[in-house]
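In this text, residue positions in the sequence shown follow my numbering: the first is 39, and each later residue adds one.
All C-beta atoms, glycine included, are put in the ideal place defined by N, C-alpha and C.
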Amino acid sequence: MCGIIGIIGTRDAAPRLVEGLRRLEYRGYDSAGVATLINGHIDRRRAEGKLLNLDAKLRENPLPGIVGIGHTRWATHGGPTENNAHPHATPRVAVVHNGIIENYQELKDELIAHGHAFESATDTEVIVHLVTHYLNQGMTPVDAASASFKRFTGAFALVLIFAGEHDLMIGARHGTPLAVGYGEGEMYLASDAFALAPLTNRICYLEDGDWVVMTRERCTVHDATDTVVDRPVKTTAVSGALIGKDGYRHYMLKEIYEQPQVIGDTLNSYINPETARVTLPDLPFDISRATRLTIVACGTAYYAGLVAKYWFETLARLPVDIDIASEFRYREAPLPEGGVALFISQSGETLDTLEALRYCKRQGQKILSVVNVPESTIARESDAVLMTLAGPEIGVASTKAFTTQLTTLACLAVSVAHARGAISTERMQEIARALREVPARAAEVLAHDERLKELAAEVSEARDVLYLGRGAMYPLALEGALKLKEISYIHAEGYAAGELKHGPIALIDDSVPVIVLVPSDGLFEKVVSNVQEVCARSGKVLLLADSKGIDKLKDKVRWSVELPACDPLVAPLLYAIPVQLLAYHTAVLKGTDVDQPRNLAKSVTVE
Ligand code: F6R
């Protein structure tokens, strides 16, 4: 999603803006730009594509100035062209913006009637024209900005600089995150603390509706009612060093390989190694008394929720409703009195998930979230948070965030199951031990990397790929298909293996690889039958199974990879890894941009 940064500084801004943008690259973008004030005038450089292109333009035609704003744009309204790239500007004001101004067409019509001429196809350009309109009426920059903010609907975070105003920068946060950085005689604004880390570690996270007026020496924060408010300034631990690839070719591969470590870190915070008891932090409400749990998330996080539904229902006997956030938020779902709603999000900023959370809050639900970014909006708006300790995830395709979400959700489900009396202390300890084995088993799975790379050569030739699983492996089939399509651009679908005969079996022929995830669990024999159905129709099956499955099916299937035998409950954590590696190697063979696949953004802060 778009990344924004602003500097009101004491030395050249442009190189530092680009450095900040580089740290926002992980969010996904398709054009970039910077603007500075030079002798009181606004000047800008913008480029389609990657920051390299912007860098080249700045080398050719440098941009001096100590006040400036920068942007990486993920196109929403208007294609990813230089003309649509931010900053947008009039001679009087420039803006960088993340989010969508929903009523832009109405404002644009009004401003055109006042004689304003637009040059881009974006919603963002109305911001500078509306502010200019108010400036032309004689308003001060602060009044013009504040009057404009009141007219925008939709979600936005934005930063404005003004021609002739060398000691002024104005920012606003409405539904999309914005952080203020406090420097030495300098002030900054950015989408997240990571972008500001080389400049300062003193950060203030704005609340929704806040807008700020900044000079080099001070930052005045106004809330949504224009009242001046104090917001805490925190010292962050975010490192100023750019997170490196540690010798790996891509962040995604590095993050796949980090999984034994980060699953272990997450387990260490939820399982007592001496007693083998799952011990969660004290929650301000008792989830074990809930009569029904509502789980809401998007994409990969939603698939983690689907696995959790399986765990909550089978282990804890707690009924679960689960939905993707973009559907849930408009469904006006009736929710149980005093119910608990659980939100899962790596970034903690996904707009649909956040709005679903707010809906549940308005319906009187207790809000629990599983997030990876502690300062995120979802974390801050929840009644209780369980952290995944994945560390920063830079690759757009989620890998270690997914397995640490599963780890956290498994601990939660086990703890709730025990508290509800649905499992004995012995069973809890048995599962806790199985979970503690996962990092070592995950390292064993990673040892199949070379074999999966060979198999990726087969998959990379396919036009369509099917993934099959049952029970908790069904969401893993969905996740495997999502990973493959998002980074290799090969069409892939995940199906519940038992559903195959209700339609998808018509797709089977010898050109469609069928990847089957089948650990030895209660559904093993059922999946074996489904595999036979595929093989009988010349389907070429890649089997991901433990030794029992391999022994049973090796003569039937085209390829197999033997995974460690484990408690079926922890199998989803291990079976996630081969599908990630398969997608990764396929994408590398296809020559796609693995870490920043086309059209995708890391954190999706628009609808
Ligand atoms: C897929 C992927 C996305 C995210 C989804 C939710 O690899 O990364 O499907 O899982 O956009 O994002 P978060 O977890 O940040 O809410």
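Inset, instruction - Can you tell me which of the three DSSP states Lys594 falls into? - result: If DSSP states are grouped into helix, strand and coil, Lys594 belongs with coil.
Inset, instruction - Compare the Cα-Cα distances from Ile139 to each of Arg130, Thr463, Leu168 and report the closest residue. - result: Minimum Cα-Cα distance from Ile139 among the listed residues Arg130, Thr463, Leu168 corresponds to Leu168.
Legend entry - Heavy atom of the ligand F6R within 6 Å of Ser436 beta-carbon: Ser436: yes, Cβ under 6 Å from the ligand F6R.
Inset, instruction - With distances taken Cα to Cα, identify the nearest neighbour of Ala151 among His171, Val166, Leu321. - result: Cα-wise, what sits closest to Ala151 is His171.
Inset, instruction - Find the nearest neighbour of His540 within the set Glu571, His529, Trp112, Asp147, judged by alpha-carbon distance. - result: Selected option, being the one with the closest Cα: Glu571.
Legend entry - Leu101 versus Gly47: straight-line alpha-carbon distance, rounded: If you draw a straight line from the Cα of Leu101 to the Cα of Gly47, it is about 14 Å long.
Inset, instruction - Taking 7 Å as the cut-off, decide whether the C-beta atoms of Glu86 and His126 are in contact. - result: Cβ atoms of Glu86 and His126: not closer than 7 Å.
Legend entry - Candidates Ala201, Asp248, His154, of which the one nearest Phe194 by Cα: Closest by alpha carbon: Asp248.
Legend entry - Neighbourhood of Glu482 by C-beta distance below 7 Å, restricted to the same chain and skipping five residues each side: Around Glu482: Pro602.
Inset, instruction - Kindly indicate the opening and closing residues of the alpha helix (DSSP H) around Thr323. - result: A quick correction: the sequence has Phe, not Thr, at residue 323. Neither: Phe323 is in no alpha helix (DSSP H) and is coded neither H nor E.
Legend entry - N- and C-terminal bounds of the beta strand (DSSP E) containing Thr332: In the DSSP annotation of this structure, the continuous segment of the beta strand (DSSP E) that includes Thr332 starts and ends at 331-335.
Legend entry - Contact test: Gln401 Cβ vs the ligand F6R heavy atom, cutoff 6 Å: Gln401 Cβ: outside cutoff for every heavy atom of the ligand F6R.
Inset, instruction - Taking 7 Å as the cut-off, decide whether the C-beta atoms of Ala379 and Thr446 are in contact. - result: No.
Legend entry - Residue range of the unbroken beta strand (DSSP E) whose run includes Gly116: For Gly116, no beta strand (DSSP E) encloses it, and the DSSP letter there is neither H nor E.
Inset, instruction - Go ahead and label Met99 buried or exposed: buried means 16 or more other beta carbons lie within 10 angstroms of its beta carbon, across all protein chains shown. - result: Met is not the amino acid found at residue 99; the sequence shown has Asn there. So Asn99 counts as exposed.
Legend entry - Whole-number beta carbon distance between Ser407 and Ala417, since they are thought to touch under 8 Å: The beta carbons of Ala417 and Ser407 sit about 6 Å from each other, so the pair counts as a contact at 8 Å.
Legend entry - Reference Ser567, options Pro551, Val550, Lys590, closest by Cα: Nearest of Pro551, Val550, Lys590 to Ser567, Cα basis: Lys590.
Inset, instruction - Run the CB neighbour count on Lys521, radius 10 Å, all protein chains shown included, and call it buried at 16 or more, exposed below. - result: Burial call: buried.
Legend entry - The beta strand (DSSP E) enclosing Phe156, as first and last residue numbers: Premise fails: Phe156 is in no beta strand (DSSP E) and is neither H nor E.
Legend entry - Strand pairing of Ile405, partner residues [DSSP]: In the DSSP assignment, the residues bridged to Ile405 are Ala379.
Inset, instruction - Answer yes if the segment 440-458 comes into contact with the segment 366-377, meaning at least three C-beta pairs across the two stretches below 8 Å, and no otherwise. - result: Three or more beta-carbon pairs separated by less than 8 Å are not found between the segment 366-377 and the segment 440-458, which leaves the two stretches without contact.
Inset, instruction - Identify every residue that forms a DSSP beta bridge with Asp361. - result: DSSP, once it has assigned bridges, lists Val334 as partnering Asp361.
Legend entry - Per-residue DSSP class, three states only, for Thr391: If DSSP states are grouped into helix, strand and coil, Thr391 belongs with the helices.
Inset, instruction - Check the C-beta distance from Ser69 over to Arg84 and give it rounded, since I have them as a contact under 8 Å. - result: With 8 Å as the limit, Ser69 and Arg84 qualify as a contact, their Cβ atoms being about 7 Å apart.
Legend entry - Rounded separation between Tyr286 and His623 - CA only: For Tyr286 and His623, the distance between alpha carbons rounds to 13 Å.
Inset, instruction - Please find out if some non-hydrogen atom of the ligand F6R comes closer than 6 Å to the beta-carbon of Ala515. - result: No, the ligand F6R has no heavy atom inside 6 Å of this Cβ.
Inset, instruction - Using 10 angstroms around the beta-carbon of Arg111, count the other beta-carbons present and answer buried if the total reaches 16, otherwise exposed. - result: Classification for Arg111: buried.
Legend entry - Per-residue DSSP class, three states only, for Tyr622: For Tyr622, the secondary structure class from DSSP, reduced to helix, strand or coil, is helix.
Inset, instruction - Could you tell me which of Leu611, Val503, Leu638, Gln384 sits nearest to Gln297, measuring between CA atoms? - result: For Gln297, the closest C-alpha among the options Leu611, Val503, Leu638, Gln384 is that of Leu611.
Inset, instruction - Buried or exposed for Ile346, please, with buried defined as at least 16 other CB atoms from any protein chain shown within 10 angstroms of its CB. - result: According to the sequence displayed, residue 346 carries Ala and not Ile. With 16 or more Cβ atoms within 10 Å of its Cβ, Ala346 is classed as buried.
Legend entry - Opposing strand residues paired with Ala123 [DSSP bridges]: Ala123 is not bridged to any residue.
Inset, instruction - Compare the C-beta of Leu545 with all C-beta atoms of chain D and state if any pair is closer than 7 Å. - result: As a matter of chain content, chain D is missing from the structure shown, which is built from one protein chain.
Legend entry - Proximity test, Ala583 beta-carbon vs the ligand F6R heavy atom, cut-off 6 Å: Not under cutoff, so the answer is no.
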